[in-house]
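Read the structure below first, then the notes.
What follows is the structure, encoded as structure tokens:
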């Protein structure tokens, strides 16, 4: 489900960005160079799967 612009307060949005940035920084430090191709393949597979639309009643939803 997508959230309309302006619904969340700025503090919540900035807090979410800070938490996501911290998690990304920790994850990037832990990933070895040998694992990067695997990470790329899995992330691209999830991206492609999210493009698949599944009809559900009068609307449609993402596969993932």
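In this note's numbering, the protein residues as written are 45 to 108. Glycine is no exception: its CB is placed at the ideal position from the N, C-alpha and C atoms.
Close beta carbons around residue i, own chain, < 7 angstroms, minus the five adjacent residues each side
{"i": "residue 108", "result": "90, 93, 94"}
Helix, strand or coil at residue i according to DSSP, with G and I counted as helix
{"i": "residue 27", "result": "Because residue 27 is not part of the residues shown, which for the chain are 45 to 108, the question remains open."}
{"i": "residue 105", "result": "strand"}
{"i": "residue 96", "result": "coil"}
Same chain, Cβ closer than 6 angstroms to residue i, neighbours up to 5 away in sequence not counted
{"i": "residue 106", "result": "94"}
Alpha helix (DSSP H) segments (min. 4 residues) lying fully within the region 53-78: 54-74
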